[in-house]
């Protein structure tokens with residue numbers, strides 16, 4: 464994470480309702496030990512508990528994402544004060560096997576930065 468000696472791990476999880484969300488952990492070294500940051504269904508990195516939409520929510524799933532990096536080199540540095548995250552979601556009423564679900568892309572934008 465830019466401006467710190469911390470690594471951020473983002474891990475996809477499946478909630479008690481079967482919906483996908485992300486947990487996060489931090490570490491001073493890439494090889495761990497990892498400390499939970501926002502690591503539960505009620506306090507996720509990104510999920511139903513903390514993602515809001517302009518208008519009607521189009522998804523309840525926050526799945527298979529990628530952080531927008533602060534630069535374009537191999538370090539994968541992110542700006543912890545202005546995080547943006549591309550993810551996939553789907554209409555909540557969709558059914559079927561994972562590979563046939565109508566996934567579409569969305570963009571999460573951090574709005575609660577204390578930086």
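Residue numbers (my numbering): 464 to 578. C-beta: ideal position from N, C-alpha, C; glycine also. Bear in mind that the values here come from a model prediction, so they are computed numbers and not experimental data.
Those residues which DSSP pairs with residue i across a bridge
i: residue 507; result: 502
i: residue 473; result: 487
i: residue 522; result: Looking at the DSSP assignment, residue 522 forms no beta bridge with any residue, so it has no partner.
i: residue 568; result: 551
i: residue 530; result: 548
Environment of residue i [buried if 16+ CB atoms lie within 10 Å]
i: residue 548; result: buried
i: residue 495; result: exposed
i: residue 570; result: exposed
i: residue 528; result: buried
i: residue 550; result: buried
Cβ-Cβ separation, residue j to residue i (assumed contact under 8 Å), whole Å
i: residue 557; j: residue 568; result: Wrong, their Cβ atoms sit about 15 Å apart, outside the cutoff.
i: residue 525; j: residue 484; result: 5 Å
i: residue 545; j: residue 576; result: 7 Å
i: residue 531; j: residue 465; result: The Cβ separation is near 12 Å, so there is no contact.
i: residue 552; j: residue 510; result: Between residue 510 and residue 552 the Cβ distance is about 11 Å, and since that is not below 8 Å, they are no contact.
The stretch 496 to 510 / the stretch 534 to 544 touching (three or more Cβ pairs under 8 Å): no
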